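Residue numbers (this note's numbering): 141 to 395.
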């Protein structure tokens, strides 16, 4: 595979990610949550980063920007809508723009909801998307800066990607997300089996990511607003997609 991924833990529950083009040796970071953990990953892999692809402005995703820029002389790319809140940013991107890691191209997908300018990076040829805090395994990000219809539109964009697309997210939230998912979709056999697998992985200290678009479509309630069983469980059989999604998000917020 021309694109190699190194996923590792940062802070308490953030994922750090190195993206490496094996043909050219060029390497990118997806966000910069913690300098020490990133430097350990760089030493372990030998992949010296030349850029950071920033998804959004929250401190736990940009904390190490300036330290890494000083150390490696790398360039920082991030969403135009949040440029004034991303330390050290050099290039701004918007919907449909292309960024390259060596010979591997990624399309920028604007995915607001968690923040107003959040973006995801889709490497179509490699079949990988980095969704940070928009789409989680069995969840989605809290709506800090946008209303539910905005996040729903973003999730619909991601759900439209090929089902085999590999999804890397920003946090290890899957076990708690699974417990909540079962409260709104308790008869979903695929979800029940996945919850067991997640418990086993976490008990072994192993990550639950990456996932795939197809797996999320089958088990993630935030991508299943259309499902008649979930709608019946919520007492919202005839409600709009936006209303069903908003109710699921509200229930998760207070769970």
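Beta carbons are placed, not taken as given, at the ideal position from N, Cα and C, and that holds for glycine.
Since we're looking at a predicted model, the values are computed, not measured.
- Beyond the five residues adjoining it in sequence on each side, residue 365 comes within less than 6 Å, by CB distance, of 381, 384, 385 in the same chain, given in chain order.
- If you compare the alpha carbons of 156, 388, 343, 361 with that of residue 277, the shortest gap goes to 361.
- Contact between the stretch 288-295 and the stretch 320-334 is absent: fewer than three C-beta pairs spanning the two stretches fall below 8 Å.
- According to DSSP, residue pairing for residue 149 in a beta bridge involves 155.
- Burial is judged here by how many other beta carbons sit within 10 angstroms of a residue's own beta carbon; residue 284 has fewer than 16 and is exposed.
- Look at residue 250 here: in three-state DSSP terms it is strand.
- Below 8 Å, enough C-beta pairs join the stretch 192-200 and the stretch 224-234 to call them touching: three or more.
- DSSP, read as helix, strand or coil, puts residue 314 in helix.
- By the CB criterion at 8 Å, residue 203 and residue 173 fall inside the cutoff.
- Excluding five sequence positions before and after residue 206, the CB atoms of its chain that fall closer than 6 Å to its own CB belong to 227, 228, given in chain order.
- As computed with DSSP, residue 169 is found in a beta bridge with 158, 192.
- Taking C-beta atoms as the reference points, residue 153 and residue 261 fail to come closer than 8 Å.
- Here residue 275 is bridged, per DSSP, to 280.
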